[in-house]
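J.: Sharing a structure below in structure tokens format, with a few things to ask.
Residue numbers (UniProt numbering): 1 to 56.
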């Protein structure tokens, strides 16, 4: 948004190296989300059966 307004994001070269960090940024990471494997659970080799008309 600042670039669209024509304002400089970093006003001087001095501010490029002045970085302030907060200790709250370096806490415990979030737990990893559950990853589900892609594809069927087993290696199927036979084709699935045809559906009965009552199953539609």
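C-beta atoms are modelled at their ideal positions from N, C-alpha and C, and glycine is treated no differently.
By how many angstroms is the C-alpha of residue 36 removed from the C-alpha of residue 49?
T.: Residue numbering aside, residue 49 sits at position 49 when the chain shown is read from its first letter. Residue numbering aside, residue 36 sits at position 36 when the chain shown is read from its first letter. Near 26 Å, if we compare the C-alpha coordinates of residue 36 and residue 49.
J.: What did DSSP end up calling residue 53 once you bin it into helix, strand or coil?
T.: As a working note, residue 53 is residue 53 in the chain shown. Here residue 53 sits in helix by DSSP.
J.: If I follow the unbroken alpha helix (DSSP H) through residue 3, where does it start and stop?
T.: Counting from one through the chain shown, the residue named residue 3 turns up at place 3. Unbroken alpha helix (DSSP H) run through residue 3: 2-5.
J.: Look at the alpha carbon of residue 5 and the alpha carbon of residue 17, and state the distance between them as a whole number of angstroms.
T.: Numbered from its first residue, the chain shown carries residue 5 at position 5. Numbered from its first residue, the chain shown carries residue 17 at position 17. Their Cα atoms are separated by approximately 24 Å.
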